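Note that the numbering used here numbers the sequence shown so that position 70 is 228, with each residue one more than the last. Note that the Cβ used here is the ideal one computed from N, Cα and C, for glycine as well. Computed from a prediction, not measured in an experiment: that's the story for all the values here. These notes are about the structure you will find just below.
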Amino acid sequence: MKITRISEHTAERKNPVASGAHSRVTVWRLDPGDQIRPHVHAGDHVWVVTEGSGWFLTPEAEHPVGAGTLVFVPEGEAHGMRASEEGLRFVSVSAGGD
159 MKITRISEHT
169 AERKNPVASG
179 AHSRVTVWRL
189 DPGDQIRPHV
199 HAGDHVWVVT
209 EGSGWFLTPE
219 AEHPVGAGTL
229 VFVPEGEAHG
239 MRASEEGLRF
249 VSVSAGGD
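Written out as structure tokens, the structure is:
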């Protein structure tokens, strides 16, 4: 078990928090204009935006997101994120493999 505060995990762009046999938790910090290009990998993903705003990216569209937005991405679907001018912080919970 691990109990922690999100604010303790924003020093780097990608901040691994915890992992187990079937999932991992990462806190992401995207500075203004930074992005994670759409990509695909094994396992479902849940992204929860905790601060800032930006766009959830798919190959077909850009969807606005902000603090309090939750995005569920099934295994095999392309997904990415781009920060607005204010930057963006989100928690990623990933199931399965990379």
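Rounded straight-line distance, which links the Cα of residue j to that of residue i
i	j	result
Glu243	Gly178	34 Å
Glu166	Arg187	12 Å
His221	Met159	34 Å
His199	Asn173	19 Å
His218	Asp189	The question names His, but residue 218 in the sequence shown is Glu. Glu218 and Asp189: Cα-Cα distance of roughly 24 Å.
His237	Arg163	25 Å
Thr208	Gly191	17 Å
Sequence-distant residues of its chain with Cβ nearer than 7 Å to residue i (five each side left out)
i	result
Val206	Leu228, Phe248 and Val249
Counterpart residues of residue i in DSSP-defined beta bridges
i	result
Pro174	Thr184
Top-ranked residue by Cα proximity to residue i, from the options
i	options	result
Pro196	Leu215, Thr168 and Val185	Leu215
Val185	Val223, Ala176 and Trp213	Ala176
Extent of the continuous beta strand (DSSP E) run through residue i
i	result
Pro222	Glu220 to Gly224
Val251	His237 to Ala253
Ile194	Gln193 to His197
Proximal residues to residue i (C-beta, below 8 Å), its chain only, five neighbours per side dropped
i	result
Asp202	Phe230, Val231, Pro232, Glu233, Ser252, Ala253 and Gly254
Minimum Cβ-Cβ distance from residue i to chain B less than 8 Å
i	result
His203	Considering every chain present, this structure includes no chain B. It has just one protein chain.
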